[in-house]
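Okay, so here's the structure we're looking at.
Numbering (our numbering), first residue to last: 33 to 322.
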């Protein structure tokens, strides 16, 4: 009896071991991967905007820095109101993108620094797209071509063809301008180059004989020439991309840049920019742009 009982126990233990061994050999079923929700997938592929367009639309305005003593681009009329090419162009951009432009006059020297530090949203003031500027800001446009020219008093009969012909004399231009950049590249220093906060100061010194020439954007020269006191001499200075003008925008504000570019492109295509240019400058500064 005991032998049968022991045999039964041994057989039972053997059966348990066999069943246990088989169970270990069975591969566990792989857990089905979790199905990502549509919302999770959308979040992964969603392109996040930079928020610049939302910022200005919420504010209801784009704040634009400018030199307000720079005819014919932006200046004060007899009533003290801002007017000029850039003012009218910006008003048209405002209509097309649905956001108002608020102007903030500023000193030209340091204007890019003021943009980067968020004193305003853009710079609309006939700004040349210089390589040094393009390193730190983006430009919408270009919306015009602007080489530099030399203006002297009408009674100046010296033969002046290039900046080199003015070496040894004192010339003037605006501080922080493309004119300053061109003069420095030609070898002028503070000893023979006077720099002014605004161009009217330079022309006042030209009138008084303190300087012999003013270097200024070509599109701004007709406004001074028509006074009868000054004339253009020599060949135009500068060429290529650095002779084009655009609207400066902070590097990170790409949505705002795209919106302004869309408006400028449409104004080029439908002839609005050409019309504004002929009105304020007397010729089409968009000619030659791609």
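Note that beta-carbon positions come from the ideal geometry of N, C-alpha and C, so glycine has one too.
Find the nearest neighbour of residue i within the set the options, judged by alpha-carbon distance.
i: residue 242; options: 223, 252, 248 and 249; result: 223
i: residue 86; options: 165, 288 and 295; result: 288
i: residue 245; options: 107, 311, 192 and 174; result: 192
i: residue 126; options: 114, 95, 139 and 105; result: 95
i: residue 313; options: 105, 88 and 189; result: 105
i: residue 181; options: 293, 255 and 134; result: 255
i: residue 231; options: 175, 315, 206 and 302; result: 206
i: residue 227; options: 249, 217 and 209; result: 209
i: residue 267; options: 132, 311, 135 and 249; result: 249
i: residue 141; options: 172, 97 and 239; result: 97
i: residue 269; options: 310, 190, 160 and 315; result: 160
i: residue 321; options: 236, 310 and 306; result: 306
In this structure, does DSSP put residue i in helix, strand or coil?
i: residue 149; result: coil
i: residue 160; result: strand
i: residue 249; result: strand
i: residue 105; result: coil
i: residue 112; result: coil
i: residue 124; result: helix
i: residue 211; result: helix
If you count every other CB in all the chains shown that lies within 10 Å of the CB of residue i, and 16 or more means buried, which is it?
i: residue 291; result: buried
i: residue 148; result: exposed
i: residue 187; result: exposed
i: residue 163; result: exposed
i: residue 102; result: buried
i: residue 299; result: buried
i: residue 153; result: buried
i: residue 168; result: exposed
i: residue 81; result: exposed
i: residue 112; result: exposed
i: residue 285; result: buried
i: residue 189; result: exposed
Residue i to residue j, Cα distance in whole Å?
i: residue 220; j: residue 203; result: 9 angstroms
i: residue 308; j: residue 121; result: 7 angstroms
i: residue 358; j: residue 212; result: The question about residue 358 has no answer here: the residues shown for the chain are numbered 33 through 322.
i: residue 158; j: residue 252; result: 9 angstroms
i: residue 175; j: residue 261; result: 29 angstroms
i: residue 143; j: residue 304; result: 28 angstroms
i: residue 25; j: residue 129; result: Outside the displayed range of the chain (33 to 322) lies residue 25, so it cannot be described from this structure.
i: residue 217; j: residue 274; result: 13 angstroms
i: residue 319; j: residue 280; result: 21 angstroms
i: residue 214; j: residue 239; result: 23 angstroms
i: residue 178; j: residue 201; result: 25 angstroms
i: residue 107; j: residue 136; result: 12 angstroms
i: residue 317; j: residue 118; result: 12 angstroms
i: residue 123; j: residue 293; result: 15 angstroms
4-residue-minimum alpha helix (DSSP H) runs that sit fully inside the segment 225-291, ordered along the chain = Listed in chain order, the complete alpha helix (DSSP H) runs (minimum 4 residues) inside the segment 225-291 are 231-239 and 253-257.
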